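As structure tokens, the structure follows; a few thoughts come after it.
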Amino acid sequence: VPQTPIRAAMTSIQQLRGDLTSGSDQPSSNLLVYYKNCTVDPSGEIKKRVEELGEVFIQRFAQAVGQHCEGLGRKRFYLGAQLYYKVMESMLKSEEKRLSVQNFSKLLNNAAFHTSLLACALEVVIATYVGSSLKNGGFGRSSGASDSVESDLCFPWILSVFQLPAFDFYKVIESFIKAEPTLKHDMVKHLEQCEHVIMESLAWRTDSPLFDLLKQSREEGPGEQAEPPAT
Amino acid sequence: SQDYHFGLEDHEGVSELFDCD
Chain A
527 VPQTPIRAAM TSIQQLRGDL TSGSDQPSSN LLVYYKNCTV DPSGEIKKRV
577 EELGEVFIQR FAQAVGQHCE GLGRKRFYLG AQLYYKVMES MLKSEEKRLS
627 VQNFSKLLNN AAFHTSLLAC ALEVVIATYV GSSLKNGGFG RSSGASDSVE
677 SDLCFPWILS VFQLPAFDFY KVIESFIKAE PTLKHDMVKH LEQCEHVIME
727 SLAWRTDSPL FDLLKQSREE GPGEQAEPPA T
Chain D
6 SQDYHFGLED HEGVSELFDC D
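Residue numbers (this note's numbering), protein chains in the order written: chain A, 527 to 757; chain D, 6 to 26.
Below you can see the structure in the form of structure tokens.
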């Protein structure tokens, strides 16, 4: 049954909230087991980072949407944190199966990984509330829901809030989509559009970590032979 | 997740992407 843009947005929101049924923005007992298996227990740092990034997010949300909307920002962040922990657990299960390891100390103590994952979860929450639209991306905007003031929060807003390089954010996108099969088609498409904007533009900004990697790879010298041009 | 192009190979995941393998 065709839906109006507002109804579609409300359905997406209900579904997102329904999928996050734990009602808690804290790590599950399964996730705590992964933390305990680490050579260096990351629990303290993870909790501290989520709290700090939460305060930053709520402040910037209020700046963008209106100071009277701080409570709304808190709700958005709460949903985002739930999704972050949910996807983290799913990713770790998947990595455990793929790599046959249980000790993810390096990954779970990696700040860029956590910031990227949290940013991606929040991007999903924000995009769900405003409809899948990109700011200035030339990809067109969905009507209805995206006319709200929250449309100012569209990608790449979250990158500036967390001072997160687009190149790092890019690294979690595919794994996020794999780890969260309940993501709606629109949301997958939105994340795919974020990938394209990063690949085409954001990853090539002056301060991108991509340039250090390119420099490093040049210093290491030619490795494998380049693939011959495809026919 | 239909229509999304999954490009990562079996030996590629967040552990490798964040240099944590």
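Virtual Cβ for every residue (Gly too), placed ideally from N, Cα, C.
Treat the numbers as computed from the prediction; the structure is a model and nothing was measured.
Q | Between the CA atoms of Asn-635 of chain A and Val-566 of chain A - distance to the nearest angstrom | A | Residue numbering aside, residue 566 of chain A sits at position 40 when the first sequence is read from its first letter. Residue numbering aside, residue 635 of chain A sits at position 109 when the first sequence is read from its first letter. Rounded to the nearest whole angstrom, the CA to CA distance from Val-566 of chain A to Asn-635 of chain A is 8 Å.
Q) Who are the neighbours of Val-698 of chain A on chain D, taking C-beta pairs under 9 Å? A) Locating residue 698 of chain A in the first sequence gives position 172, counting from the first residue. Those are Val-19, Leu-22, Phe-23, listed as they occur along chain D.
Q: May I ask you to report which of helix, strand or coil DSSP gives Thr-654 of chain A?
A: Here the question's residue 654 of chain A lines up with position 128 in the first sequence. Note: Thr-654 of chain A maps to helix in three-state DSSP.
Q: Using a Cβ-Cβ cut-off of 8 Å, state whether Ser-658 of chain A counts as contacting chain D.
A: For the purposes of this step, residue 658 of chain A is identified with residue 132 of the first sequence, where counting begins at 1. Here the model assigns Ser-658 of chain A a pLDDT of 45, short of 50, so the residue's position is not dependable, and the following value carries that caveat. Interface criterion not met: the Cβ of Ser-658 of chain A is under 8 Å from no Cβ in chain D.
Q: Assign Gln-541 of chain A to one of three DSSP states: helix, strand, or coil.
A: In the first sequence, residue 541 of chain A corresponds to position 15, counting from 1. The answer is helix: DSSP assigns Gln-541 of chain A an H, G or I state.
Q: Taking 8 Å as the threshold, find out whether the segment 639-647 of chain A comes into contact with the segment 572-585 of chain A through three or more Cβ pairs.
A: The segment 639-647 of chain A is in contact with the segment 572-585 of chain A.
Q) Which parts of the segment 577-661 of chain A are runs of the alpha helix (DSSP H), unbroken and 4 residues or longer, counting only runs that do not cross its ends? A) Every alpha helix (DSSP H) stretch that sits fully inside the segment 577-661 of chain A and reaches 4 residues is listed by chain position as 596-625, 631-634, 637-656.
Q) Does Met-617 of chain A get closer than 8 Å to chain D when you measure Cβ to Cβ? A) Here residue 617 of chain A corresponds to residue number 91 of the first sequence, with the count starting at 1. Met-617 of chain A belongs to the set of residues whose beta carbon lies under 8 Å from a beta carbon in chain D.
(Q) Tell me the residue span of the alpha helix (DSSP H) that contains His-716 of chain A. (A) Here residue 716 of chain A refers to the residue found at position 190 when the first sequence is read from its first residue. That run of the alpha helix (DSSP H) goes 711-726.
Q.
Considering Cα atoms alone, identify which of A:Trp-683, A:Lys-710, A:Ser-538 is closest to Gln-589 of chain A.
A. Numbered from its first residue, the first sequence carries residue 589 of chain A at position 63. Measuring from the Cα of Gln-589 of chain A, the nearest candidate turns out to be A:Trp-683.
Q: Answer yes or no: does any C-beta atom of chain D fall closer than 8 Å to that of Lys-632 of chain A?
A: One-based indexing of the first sequence puts residue 632 of chain A at position 106. Under the 8 Å criterion on CB atoms, Lys-632 of chain A is classed as interfacial with respect to chain D.
Q: Tell me, please, whether the segment 586-603 of chain A touches the segment 539-548 of chain A by the rule of three or more beta-carbon pairs shorter than 8 Å.
A: Contact fails: fewer than three Cβ-Cβ distances are below 8 Å.
Q) At a Cβ cut of 9 Å, what residues of the segment 634-650 of chain A count as close to chain D, listed as they run along the chain? A) Of all residues in the segment 634-650 of chain A, Leu-634, Asn-635, Asn-636, Ala-638, Phe-639, Ser-642, Leu-643 have a Cβ within less than 9 Å of some Cβ in chain D.
**Q.** Environment of Gly-580 of chain A [buried if 16+ CB atoms lie within 10 Å]
**A.** Here residue 580 of chain A refers to the residue found at position 54 when the first sequence is read from its first residue. With at least 16 other beta carbons inside 10 angstroms of its own, Gly-580 of chain A counts as buried.
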